[in-house]
Every structure is written in structure tokens, then in C-alpha cells.
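Worksheet for the structure shown next.
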Amino acid sequence: MIPSSFNTVIISSAALIHNYTYLNSLSGDSTFLAMVKADGYGHGMFECARLLQNAGCKDFGVAELREAVLLRQSGVTANIYTMIGFDHKYVADFFDYTITPVVYDIQSLESLAQEAKRRNEKISIHLKVDTGMTRLGVYCEELAKLLECISKHPQLKLAGLASHFPCSDDVKSPSTHRSLEAFRSFYQKHDELQSLYLHISNSGGILSFPEAHLDMVRCGIALYGYHPDGSAISYTKHLQPVMSFTTRVLQVKTVESGVGVSYGHTYITNKRTELAVLPVGYEDGFSRALSNKGVVLVRGKRAKVRGRVCMNLCMVDVTDIDGVQPGDEVVVLGKQGDDSISADEIAKTIDSISYEVLCMIGNNNERVIQ
Ligand SMILES: *Cc1c(COP(=O)(O)O)cnc(C)c1O
Numbered sequence: 131m132i133p134s135s136f137n138t139v140i141i142s143s144a145a146l147i148h149n150y151t152y153l154n155s156l157s158g159d160s161t162f163l164a165m166v167k168a169d170g171y172g173h174g175m176f177e178c179a180r181l182l183q184n185a186g187c188k189d190f191g192v193a194e195l196r197e198a199v200l201l202r203q204s205g206v207t208a209n210i211y212t213m214i215g216f217d218h219k220y221v222a223d224f225f226d227y228t229i230t231p232v233v234y235d236i237q238s239l240e241s242l243a244q245e246a247k248r249r250n251e252k253i254s255i256h257l258k259v260d261t262g263m264t265r266l267g268v269y270c271e272e273l274a275k276l277l278e279c280i281s282k283h284p285q286l287k288l289a290g291l292a293s294h295f296p297c298s299d300d301v302k303s304p305s306t307h308r309s310l311e312a313f314r315s316f317y318q319k320h321d322e323l324q325s326l327y328l329h330i331s332n333s334g335g336i337l338s339f340p341e342a343h344l345d346m347v348r349c350g351i352a353l354y355g356y357h358p359d360g361s362a363i364s365y366t367k368h369l370q371p372v373m374s375f376t377t378r379v380l381q382v383k384t385v386e387s388g389v390g391v392s393y394g395h396t397y398i399t400n401k402r403t404e405l406a407v408l409p410v411g412y413e414d415g416f417s418r419a420l421s422n423k424g425v426v427l428v429r430g431k432r433a434k435v436r437g438r439v440c441m442n443l444c445m446v447d448v449t450d451i452d453g454v455q456p457g458d459e460v461v462v463l464g465k466q467g468d469d470s471i472s473a474d475e476i477a478k479t480i481d482s483i484s485y486e487v488l489c490m491i492g493n494n495n496e497r498v499i500q
């Protein structure tokens, strides 16, 4: 048997399903697409998709074709969408694995049409427009060319029109209304677009802009228990964090005042100090930026990181926590006793967002589904 790591990422299937049920009801009649890119934001794409599919979710989104094919091979029978385009040499996979591409250029349309013709099949596609994100997608004047190309190829079945909000995490941002208006102007200019599947909302749109739910919503971070604005409405009844991360104490040592800790001695003890050595480092997604800043929970209390976070190890100060011993459980992310550490809290410490913290921790440690 292969030994387990000291470190475990625990994925709560109950929390995931709770969030799905809540967000799906919030989305009303709109189709609910679960974003499972980035290995399910670090929570495990296969496991999350399987749980969500069993709970009734019929639409999944990933970034790349590679993820879509792997997801299909894992047994997902629901609709799968690729969001960021594809290498044309793999175009056949859209047909072999029944995957829906979101397209933003003529070359991809031609490539899909050629393959469809060769196989004597049709394929459903969605088009991506840019309504203010300034990322993937075409502007209004370029859309006409794509529509013309589609009308020349009866193999291409235009099924949907997509855009993406840049600032929907901010309830007060006027940009979201402008974006939605811009999106409306696209399909008001082109009659053939009105009957399509229209979608623009990410988690921010779902939570704060009901008028933007349209025909489908694409939900990522909220499914995993976090509000996109970084406010920890974690551990409330609405959204429950799905991931927690635990480790254990390897060694406890007492050092005198004036002793340097870890690489570069960036921390020098200012009194007799008790340190716990933990098998957690930047390799585990515990960012080196948490050096001298991060906190973990030991025996229900907060212990601060002292000195630099190493690749596989870090030291935390347990001077004020009684009775810490090797083998004690340590919570890096999640609840212990009456306290908890959220991905938002870790993100704030390192000037990042919960998304990145979850990807880093989740995708670098052994995951256990509970
Ligand atoms: C990632 C992504 C989403 C989901 O965004 P969240 O803020 O995590 O809800 C929606 N749409 C597209 C195109 C994405 O890339």
C-alpha cells in the first residue's frame, strides 16, 4: 500500500450539494452550468462532476478540450462546454465525445464545419462575444462575419451566445449593467440571436444580478462555497466552504530569545519560544508569501507562521498554546474548535483571491471526499 501524505485536503460532498441546491434555486428557470475547470477549482473535477450530475446538474464547463475529453471519459453524460477555444488538430474530439465548443473566430468555425462535413454530422456551437471584459470574444461588428460564416455551413447549428462579466463580484459596479445592456444590443441587432441560449452570469451575476440570469448561468466559485467579492459569507447557511486542509505537527521545539528561524533567519525570536514544525510548504500550495504572515489552527487556537515557508515545511509559534505535541492535528484551511480559517482570509494575507488559494491547495495535495 502506498503511504498517505501527512497532509489531507478534505472535500465535503454535503457542502457541494448544499451549495448547488441553493444556487440552482436562486437561478430560477435558468439552466445551471457548473464550472469545473482547474480540476474543479482544486476540488477534483471528476468527483465534483459526478456528485453534481447525481444531484441533477446537466451542464458542465471547462476551459480546454483536454479537460472536456477527460471529463467525458470519466463517465459524465451531461453536456460539456469548452470555454477558451481549441487546437484544430483535435477538432474530431468534439464529435467523438459530444462536446460543445464556445467559439470566437472564423478559423474554428471552418475547422468544425469541415470535420462535420467529413463525418456527415452536425454540431451545436455557442459564440462568445465581448461586452466589456476585454478578454476572449468578438465585438459587435465582427459578429456579423461569424454569423455569415455559420449561415454558409448548414452543419453548424448555432445554439447559444455567451459573454462574461468583468466586475459582477461588486454589487455596486455600474459595469455589470453596461455589460448586460451591451449583450442585449448584440441580440437585438441580429434577430436570429434572440431564440438562442443566452448566458453571461458567473457567480457574481447569479448572487447579485437576477436580471442577468437569462437562459443559463455559469457558476464557479460560489459552488465551492465562496462569494466572488472575497467577503467570507463562509460558514453561513447560504454557502458552505467545500474544502478544508489539515496536517499534523511533526516536531515541537523550544528555543531561547534571539534565535533565527528558517531560511534567511527572517524571524528572530524575542523571547523563549515554542515552535511546531509542520509538513506544509509552498509545494503544498501554502504560498511562500505567507512567510511570517500566515496562521493555522492548533488545539483550536491560532498559531502564527515564523520565518520563511520552505518547500515542504514551515514553523508556527505555539508558545501560548498549551500541550502541543507531535501528531496533533493542524488546520490550515477550515474549522477547528470554535475558530476557522477561510480561503478568503488566506487570500487577503497574500493579496490574492479565494480562487487561487483553493486551486493551489487543492491541486497540490491528496484529496479525500467525505
Ligand atoms: C470561470 C468562468 C466562470 C465562473 O466564474 P466564477 O466567478 O467562478 O463563478 C464563468 N464563465 C466563464 C467563461 C469562466 O471562465
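Counting from 131, one number per residue, gives the positions in the sequence shown under the working numbering. Where is the CB? At the ideal position from N, CA and C, for every residue including glycine.
query: Simplified DSSP assignment, three categories, for S392; result: coil
query: Straight-line Cα distance separating G388 from G355; result: 42 Å
query: For L326, the three-state DSSP class (helix, strand or coil); result: coil
query: Short CB-CB distance (under 9 Å) between S392 and chain C; result: The chain inventory of the structure shown lacks chain C, comprising one protein chain alone.
query: Close-in-space but distant-in-sequence residues of the same chain around Q455 (CB under 6 Å, 5 per side omitted); result: none
query: Counterpart residues of M445 in DSSP-defined beta bridges; result: V407, R436
query: Which residues DSSP lists as bridging K471, in chain order; result: For the sequence presented, residue 471 should be read as Ile rather than Lys. In the DSSP output, where bridge partners are listed per residue, I471 has G464.
query: Close Cβ partners of V487 (< 7 Å) along its chain, the five nearest in sequence each way excluded; result: A473, I476, A477
query: Check: S333 C-beta below 8 Å from any heavy atom of ligand 1; result: yes
query: contact_flag[the segment 443 to 461, the segment 336 to 346] where n(CB pairs < 8 Å) is 3 or more; result: no
query: Unbroken stretches of the alpha helix (DSSP H), 4 residues or longer, contained in the segment 186 to 254; result: 195 to 203, 222 to 226, 236 to 249
query: Length of the line joining the Cα atoms of H283 and M213; result: 22 Å
query: Under 9 Å between C-beta atoms of Q183 and A208; result: yes
query: Closer than 8 Å: R348 CB and nearest ligand 1 heavy atom; result: yes
query: G290 - partner residues in DSSP beta bridges; result: H256, Y327
query: Anticipated Cβ contact below 8 Å, M165 with G350, distance rounded; result: 4 Å
query: Other residues of its chain near Q203: CB distance less than 8 Å, five sequence neighbours each side excluded; result: Y227
query: 7 Å Cβ shell around I483 - same chain, five flanking residues per side excluded; result: G360, A477
query: Beta-carbon proximity of V446 to V461, cut-off 9 Å; result: no
query: Where Y269 falls: helix, strand or coil (DSSP); result: coil
query: Unbroken beta strand (DSSP E) run spanning C349, endpoints; result: 346 to 349
query: Beta-carbon proximity list for M263, same chain, < 6 Å, skipping 5 on both sides; result: H294, P296
query: Residue range of the unbroken beta strand (DSSP E) whose run includes V487; result: Element bounds for V487: not the beta strand (DSSP E) but the alpha helix (DSSP H), 484 to 492.
query: Option nearest S254 by Cα separation, candidates G437, V232, N493; result: V232
query: Contact test: P296 Cβ vs ligand 1 heavy atom, cutoff 8 Å; result: no
query: Y73 to T306 span [Cα, whole Å]; result: A question about residue 73 goes unanswered here, because the residues of the chain that appear run from 131 up to 500.
query: heavy atom of ligand 1 below 8 Å from A473 C-beta; result: no
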